[in-house]
Amino acid sequence: MRIAVAGATGHIGALTVPALEGRGHEVVRISPSLGVDCLTGEGLDEALEGVDAVVDVTSIAATDRAEAVASFGSITRNLLAAEHRAGVCHHVLLSIVGVDRVEGNAHYAGKREQERLVADGPMPWTIVPATQFHDFAAMVTSWTERDGAATIAPLLVQPIAPSDVADILAEVATGESQGRYPDIAGPEPQDVVDMARRTNDARGHRVRLIPTWSGPFDTSMAGDVLLPGDRVRIAPTTFDEWLAAGAP
Ligand SMILES: NC(=O)c1ccc[n+]([C@@H]2O[C@H](COP(=O)([O-])OP(=O)(O)OC[C@H]3O[C@@H](n4cnc5c(N)ncnc54)[C@H](OP(=O)(O)O)[C@@H]3O)[C@@H](O)[C@H]2O)c1
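Start counting the sequence shown at 12; every next residue gets the next number (my numbering).
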């Protein structure tokens, strides 16, 4: 099959490309730095020529809710319209477990908009909701780190290895559309503050952690909100195995 990965240069995209190629598929890479922009539509029609399926793993940095909804919405609208014109058969969206249960977070509002547009749109679709990735905690502390200290919300999560996410996306993209896919999660629940401490230790990075609910993750994300539901596919790689591999 010929499969396009939107966000191919990103964290998950860069793993999804080889996961697809390793299964013998031809991959079209989409990202602004490669000259194809889903926000403006630049290069999209040419990129999707002869494509059978599209995996959307784009992401944008937006802290404002309206901006996140507008940008994620435009990316999805432009992709779906171009796919429809090109005769693509399957749109796969990577989403986040619990987006319907969290009101305030701007990124989550943008992902909800993507899910709405995909589910109501013209293309056969599969939405794959994933829990936080194994590197999530260190990514969050990097946002606020200053003078050797960083803030982090004490979230409860069941993190998944980025390479497992990529493998599942490659499998899903090469099959029939499935609508809402089961939540995908790693094998064990974790405390995000502990994850951050252990990831930074594994990377030899010293940072003092300050737990707080002030920031992008507020108390609406506390408790079991981010954990997978009963319909769940558990991916194999534990957080400890990922740490032992050098927390890549
Ligand atoms: N982090 C988590 O724990 C987690 C958990 C569950 C789900 N997710 C979801 O996973 C998805 C992928 O996350 P990630 O960490 O892999 O993101 P990332 O590393 O930030 O990569 C983002 C990708 O999107 C591309 N992109 C940005 N604007 C674009 C545009 N206008 N048109 C086309 N491509 C564009 C970027 O291209 P350039 O390199 O050219 O800028 C890059 O390839 C996100 O949607 C996120 O919501 C994340």
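Note that beta-carbon positions come from the ideal geometry of N, C-alpha and C, so glycine has one too.
On the DSSP bridge list, what partners appear for residue 67? DSSP output for residue 67 lists 17, 104 as bridge partner(s).
From the DSSP secondary-structure annotation, give me the bridge partner or partners of residue 136. Beta-bridge pairing links residue 136 to 102.
Take the Cβ of residue 18 as the centre, count every other Cβ of all protein chains shown within 10 Å, and call the residue buried at 16 or more, exposed below. For residue 18, the number of other beta carbons within 10 angstroms of its own is at least 16, and it is reported as buried.
Cα-Cα, which of 52, 50, 247, 66 is closest to residue 13? 66
With respect to 7 Å, is the separation between the Cβ of residue 65 and the closest non-hydrogen atom of ligand 1 below this value? no
Considering residue 110, what are the terminal residues of the beta strand (DSSP E) in which it resides? Premise fails: residue 110 is in no beta strand (DSSP E) and is neither H nor E.
In the DSSP assignment, find the unbroken beta strand (DSSP E) run with residue 244 in it and report its ends. 243 to 245
With DSSP run on the structure shown, which of helix, strand or coil describes residue 252? In the three-state reduction of the DSSP assignment, residue 252 falls in the helix class, which pools H, G and I.
Within 8 Å, strictly: CB atoms of residue 162 and residue 128: no
According to DSSP, is residue 173 helix, strand or coil? helix
Compute the minimum distance between the beta carbon of residue 175 and the heavy atoms of ligand 1, and state whether it is under 7 Å. Every heavy atom of ligand 1 is 7 Å or more from the Cβ of residue 175, so no.
Please say whether residue 31 and residue 68 have beta carbons closer to each other than 8 Å? no
Regarding residue 143 and ligand 1, is the C-beta to nearest heavy atom distance less than 7 Å? yes
For residue 62, does the three-state DSSP call read helix, strand or coil? coil
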